[in-house]
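Asker: Here it is, the structure, as C-alpha cells.
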Amino acid sequence: MPSDLIHKFMRIDHLPHIWCAGCGNGIIMRDVAVALQELIDDPDCRVSREKTVIVSGIGCSSRAAGYMDFNSIHTTHGRAIAFATGIKFARPDLEVIVLTGDGDCSAIGGNHLIHAARRNIGLTVIAFNNDIYGMTGGQYSPTTPTGDVATTAPYGNIDRPFDIAQLAAGAGASFTARGSAYHARETIELIKQGILHRGFSLVDVYSACPTYYGRKNHKGGAVEMLTWQRDNMVPASRYYAMSEEKRRDKILVGILTHNDFPEYTQQYAQLLERAREGK
Amino acid sequence: MERKRVLMQGNEACVEGAIAAGMRFYAGYPITPSTEIAELCALRLPQVGGRFIQMEDELASMAAVLGASATGVKAMTATSGPGFSLKQENIGYGCMAEIPCVIVDVQRSGPSTGLPTSPSQGDYMQARWGTHGDHPVIALSPSSVLETYKLIVRAFNLSEKYRTPVIFLMDEIVGHMREGVELPDPNDLIINKRHISYHDGANKQCYYVPEGKYVPAMKPFGQGERYNITGLAHDVSGFPTNDPAVAEALYTRLMEKIDRNLDDIIRTEQVFMDDADTAVVCFGGTARAAMSAVLQAREAGMKVGMFRPITVWPFPEKQLRERLPGLKRILTVEHNYGQMVLEVRRVAEGKVPVDFLGRLDGTVISPDDILGALRRTEV
Numbered sequence: 004m005p006s007d008l009i010h011k012f013m014r015i016d017h018l019p020h021i022w023c024a025g026c027g028n029g030i031i032m033r034d035v036a037v038a039l040q041e042l043i044d045d046p047d048c049r050v051s052r053e054k055t056v057i058v059s060g061i062g063c064s065s066r067a068a069g070y071m072d073f074n075s076i077h078t079t080h081g082r083a084i085a086f087a088t089g090i091k092f093a094r095p096d097l098e099v100i101v102l103t104g105d106g107d108c109s110a111i112g113g114n115h116l117i118h119a120a121r122r123n124i125g126l127t128v129i130a131f132n133n134d135i136y137g138m139t140g141g142q143y144s145p146t147t148p149t150g151d152v153a154t155t156a157p158y159g160n161i162d163r164p165f166d167i168a169q170l171a172a173g174a175g176a177s178f179t180a181r182g183s184a185y186h187a188r189e190t191i192e193l194i195k196q197g198i199l200h201r202g203f204s205l206v207d208v209y210s211a212c213p214t215y216y217g218r219k220n221h222k223g224g225a226v227e228m229l230t231w232q233r234d235n236m237v238p239a240s241r242y243y244a245m246s247e248e249k250r251r252d253k254i255l256v257g258i259l260t261h262n263d264f265p266e267y268t269q270q271y272a273q274l275l276e277r278a279r280e281g282k
Numbered sequence: 130m131e132r133k134r135v136l137m138q139g140n141e142a143c144v145e146g147a148i149a150a151g152m153r154f155y156a157g158y159p160i161t162p163s164t165e166i167a168e169l170c171a172l173r174l175p176q177v178g179g180r181f182i183q184m185e186d187e188l189a190s191m192a193a194v195l196g197a198s199a200t201g202v203k204a205m206t207a208t209s210g211p212g213f214s215l216k217q218e219n220i221g222y223g224c225m226a227e228i229p230c231v232i233v234d235v236q237r238s239g240p241s242t243g244l245p246t247s248p249s250q251g252d253y254m255q256a257r258w259g260t261h262g263d264h265p266v267i268a269l270s271p272s273s274v275l276e277t278y279k280l281i282v283r284a285f286n287l288s289e290k291y292r293t294p295v296i297f298l299m300d301e302i303v304g305h306m307r308e309g310v311e312l313p314d315p316n317d318l319i320i321n322k323r324h325i326s327y328h329d330g331a332n333k334q335c336y337y338v339p340e341g342k343y344v345p346a347m348k349p350f351g352q353g354e355r356y357n358i359t360g361l362a363h364d365v366s367g368f369p370t371n372d373p374a375v376a377e378a379l380y381t382r383l384m385e386k387i388d389r390n391l392d393d394i395i396r397t398e399q400v401f402m403d404d405a406d407t408a409v410v411c412f413g414g415t416a417r418a419a420m421s422a423v424l425q426a427r428e429a430g431m432k433v434g435m436f437r438p439i440t441v442w443p444f445p446e447k448q449l450r451e452r453l454p455g456l457k458r459i460l461t462v463e464h465n466y467g468q469m470v471l472e473v474r475r476v477a478e479g480k481v482p483v484d485f486l487g488r489l490d491g492t493v494i495s496p497d498d499i500l501g502a503l504r505r506t507e508v
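Chain order of the listed sequences is A and B.
Going by the working numbering, the first sequence opens with residue 4, and the numbers climb by one from there.
Going by the working numbering, the second sequence opens with residue 130, and the numbers climb by one from there.
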C-alpha cells in the first residue's frame, strides 16, 4: 500500500516534493523506498532502518534524500559518492545508499564514481538518469543523446553520451544494473540486489524529464516518455530470449555485471589485523 | 614519568598530536610539502585501529572527512596551497552543516603551482575567505615542532566544541623543520569530546540549540537518531528553508558561536611586549627569525617585542589593541605580499604606524632581514 509506505518511510512534513508533474524521479524514489521496506521487514536480512544512511548530491534527483525518513545527508554537487565513501569507511556496518543524477555522478562527480567502483567499496548508487540538468533549467548532461537540443545546445548536442552503467562496470564496479521509471517492479528488485550486494553497486535508472528534455525534443509528455521506455527497454527475462538481431535496438533492464571482487572495508579490516600483528 | 626526547619533523608532530587528540580517520591526496602527514597517517592509524584512505582527489578527501565525521569519528585531512583551494567548497559545507574536522594546510608558494617546495604564508587570507559566502572560521598556526603537537590537539578540541572545521595553518618552514622535542604525556592532554545530548526516539529538531548554548548536539549518524543534514540554509529540524527570518537566525548563530567566544578561542604569544615601543607582528614559521631578531635588537638596546597570533583567525584584535598605547611602531613580517598586515593596519589605523616586511621569492626571511628593517626606519 503506497500510503503506508509514505507514512512509514517518507517525511510527510516535507512533502509534496519539488519535482514537476510527470517527472520520473518520484517513481524511482518510491522504488528505493519499497526496496528498503522489503529488506527491512525481512527478519533474516541485515538491513535495518537505523543503520541505513541516504546520501545525495545536488540536482533534482538529490532532493530525494531529504524526503526519505532515514539518516540523510544532502551534500555538495558531484560529491555524494565521496561523502558516502567517508561514511561507509568510518562505519562499515552502515548501509550507505547514494541517490544521484546523471550530471551529479557522471559529470562533476565522475571521478568519484569511477574510483568508488574501482575500490569496490560497499555503497549502493542509484542514478536517477533523466538525460538533462533539470534543476538549472535544461542544459545538456553527459547522458544527453547526440543531436538532441538543450538550452546550452540550441544547435543540437555534438557530445557523445555516457552509458553510466557501462562506465561503472568498466571502472570495476562489482554489481551494475539498469532499470527504468516504467519498469518499477524490475527496478525495485535490482535495487534490492544492489543493496544486498557487499561490494560497490550501481543501478542506472532511466527517469523522464518531460519539462526540460521531452518537451524540447519532441518526445512528448510523461506518458509518451514512459511509453518509450516500455517499448524500447526490455527486462532480462525477455531480453535474453530475443534473437541478437532483435536485441540490437533494445536496452536491457536487468543486471549488467555481477561478481564477488573483495569489498574495500572488508579488505581494510584484514589490513588492521596485519597492522596489529606488526606485519 | 621521564619523557623521551625525540627528533621530529613538524609534519610528524602534526600526526602524533592528532592521534593523541583522538583523530582516527584521515582522507587525503598527496601534495608537497604536506605528504609526510599522509604517509605517517597511513602507517600509524592502522596501529591504533584508525582508518586511512587515499582518495582520488582533494575534493573527495574533504568530502570523505566530512562524511566520516558525521558518524562521530574525529577526522582530518592535510594538503597544501593548490589542494587547499580545491577543498574550499566542502569546507564551507562543514561550516554550514556544522561538522567538526581539521584541515591542515602546509602552505607553499603560490599562486597556482608556484614554488612547490618553498616556504610561504600566502594562504592566510584564503584560510579566512577561501570558501564562498559569509561563514565563521577558526585557524591556528604553530611556529615550532612541539607547538605543532600541542596545537593540533587544541585544533580538534575547538572543532568539536564549536562544531566547525578548524584550519591548521602550517608552513613549509615548520612542516619540514626537525627539532628535538619532549612530547607531553598523552594522559596530561585535555581532550574535548563532541557534545551529544541523547534524545528519546526520533528527534526531528537535530539543529535545536538551547538558550545559552551555541551549537546543536545531535547524535552522530548510525546511533538511532534520524535526521537530515544539508548545505542549504536550514531550520532547527535540519531541512531547507527560504524563510528570511529562519535563515537569519541560522547565520547569526553560526557567526555568534565564534564571535561571542573569542576569549576561549584566541591565543597569542607576546614576548618583551610590556615595555616595547616597537612590535614585530608575525605568525607561524616566520616567528623563528623574528624571535632571533628581537633578541638581537634587545641586546642592541632597542625596545622591541614580538606579538604572535597563535589563533590567526579570528584575528586577535582585542589583544593587539591593548598593546597599542605603548607602541610607536609595528613591523609586520610575513612570507607573502602582505596579508595579515591588512588586519594589523585595520586595528592600528591612526594610532600606530605599521610597516611591512615580506618575501615572495621562496627563500626564508632571515633574522638579519628583520633586524635591518627594524634599524632602517627606527623611530
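Beta carbons are placed, not taken as given, at the ideal position from N, Cα and C, and that holds for glycine.
On a predicted model such as this, the values are computed, not experimentally measured, just so you know.
Any idea if residue 478(B) is buried or exposed, counting beta-carbon neighbours within 10 angstroms, 16 or more meaning buried?
Answerer: exposed
Asker: In this structure, how does DSSP classify residue 274(A) when only helix, strand and coil are distinguished?
Answerer: In the three-state reduction of the DSSP assignment, residue 274(A) falls in the helix class, which pools H, G and I.
Asker: Going by alpha carbons, who is nearest to residue 209(A) out of 228(A), 275(A) and 224(A)?
Answerer: Its Cα nearest to that of residue 209(A), the residue 228(A) stands out among 228(A), 275(A) and 224(A).
Asker: List, from N- to C-terminal side, the alpha helix (DSSP H) runs of 4 residues or more that fit wholly inside the region 199–277 of chain B.
Answerer: 210–226 and 253–258
Asker: Are the beta-carbon atoms of residue 470(B) and residue 449(B) separated by less than 7 Å?
Answerer: No, they are not a contact pair.
Asker: Can you check DSSP and say which residues form a bridge with residue 442(B)?
Answerer: 268(B)
Asker: Verify the CB distance criterion: does residue 247(A) have a CB-CB separation below 7 Å to chain B?
Answerer: no
Asker: For a minimum of 4 consecutive residues, which ranges assigned as the alpha helix (DSSP H) are wholly contained in the region 184–234 of chain A?
Answerer: List check, alpha helix (DSSP H) in window: 187–199.
Asker: Are residue 357(B) and residue 75(A) close, meaning C-beta to C-beta below 7 Å?
Answerer: yes
Asker: Could you tell me whether the Cβ atoms of residue 386(B) and residue 406(B) are closer together than 7 Å?
Answerer: no
Asker: Between which two residues does the beta strand (DSSP E) harbouring residue 298(B) extend?
Answerer: 294–300
Asker: Does the beta-carbon distance from residue 397(B) to residue 438(B) come in below 7 Å?
Answerer: Yes, the Cβ-Cβ distance between residue 397(B) and residue 438(B) is below 7 Å.
Asker: By the three-class DSSP mapping on this structure, what secondary structure does residue 77(A) have?
Answerer: strand
Asker: Mind listing which residues of the region 213–234 of chain B have their C-beta closer than 7 Å to chain A's C-betas, in chain order?
Answerer: 218, 219 and 222
Asker: For chain B, find out if any of its Cβ atoms is closer than 7 Å to the Cβ of residue 126(A); answer yes or no.
Answerer: Not one chain B Cβ lies under 7 Å of residue 126(A).
Asker: Taking the beta carbon of residue 216(B) as the centre, do at least 16 other beta carbons fall within 10 Å, making it buried, or is it exposed?
Answerer: That one is buried.
Asker: In or out: residue 331(B) buried (at least 16 other Cβ within 10 Å) or exposed?
Answerer: Any reading at residue 331(B) must be qualified, since the residue scores a pLDDT of 46, below 50, and its modelled position is unreliable; no value is offered.
Asker: Counting only the same chain and skipping the five closest in sequence on each side, list residues whose C-beta sits under 6 Å from that of residue 157(B).
Answerer: Cβ neighbours of residue 157(B) beyond the five flanking positions: 167, 190, 206 and 207.
Asker: Please classify residue 329(B) as buried or exposed, where buried requires at least 16 other C-beta atoms within 10 Å of its C-beta.
Answerer: With a pLDDT of 48 at residue 329(B), under the threshold of 50, the modelled position of this residue cannot be trusted; read the value that follows with caution. Residue 329(B) comes out exposed.
Asker: Does the beta carbon of residue 103(A) sit closer than 7 Å to a beta carbon anywhere in chain B?
Answerer: no
Asker: What residue from 343(B), 355(B), 363(B) and 298(B) has the CA that sits closest to residue 384(B)'s CA?
Answerer: 343(B)
Asker: Tell me, please, whether the CB atom of residue 357(B) is closer than 7 Å to any CB atom in chain A?
Answerer: yes
Asker: Let's test the definition: count the other Cβ atoms within 10 Å of the Cβ of residue 144(A) and tell me whether it reaches 16, buried, or not, exposed.
Answerer: Its Cβ being crowded by 16 or more others within 10 Å, residue 144(A) is buried.
Asker: Am I right that residue 154(A) and residue 128(A) are in contact with their C-beta atoms under 8 Å? What's the rounded C-beta distance?
Answerer: Actually they are not in contact, since the Cβ atoms of residue 154(A) and residue 128(A) sit about 27 Å apart, beyond 8 Å.
Asker: So, is the C-beta of residue 329(B) closer than 7 Å to a C-beta in chain A?
Answerer: Because the pLDDT of residue 329(B) is 48, which lies under 50, any placement of that residue in the model is unreliable, and the question is left without a value.
Asker: What residue range is occupied by the uninterrupted beta strand (DSSP E) comprising residue 155(B)?
Answerer: 152–157
Asker: Which bits of chain B does residue 167(A) rub up against, with CB to CB less than 9 Å?
Answerer: By Cβ distance, chain B contributes nothing, its closest Cβ being about 17 Å from residue 167(A), past 9 Å.
Asker: On a CA-only basis, which of 485(B), 452(B), 442(B) and 474(B) is nearest residue 462(B)? Give me that one, please.
Answerer: 485(B)
Asker: Under 9 Å, CB to CB, which of the residues in the region 305–330 of chain B have a partner in chain A?
Answerer: none
Asker: List, in chain order, every chain A residue whose beta-carbon is nearer than 7 Å to that of residue 368(B).
Answerer: 17 and 69
Asker: Expressed to the nearest angstrom, what Euclidean distance is found between the alpha-carbon atoms of residue 206(A) and residue 341(B)?
Answerer: Between residue 206(A) and residue 341(B), the alpha-carbon positions lie close to 47 Å from each other.
Asker: Is any beta-carbon of chain B found at less than 7 Å from that of residue 94(A)?
Answerer: yes
Asker: In or out: residue 453(B) buried (at least 16 other Cβ within 10 Å) or exposed?
Answerer: exposed
Asker: Checking contacts by CB at 7 Å: is residue 485(B) closer than that to chain A?
Answerer: It does not; no Cβ of chain A falls within 7 Å.
Asker: Three or more C-beta pairs under 8 Å: does that hold for the region 244–257 of chain B against the region 264–278 of chain A?
Answerer: no
Asker: For residue 104(A), which of helix, strand or coil comes out of DSSP?
Answerer: strand
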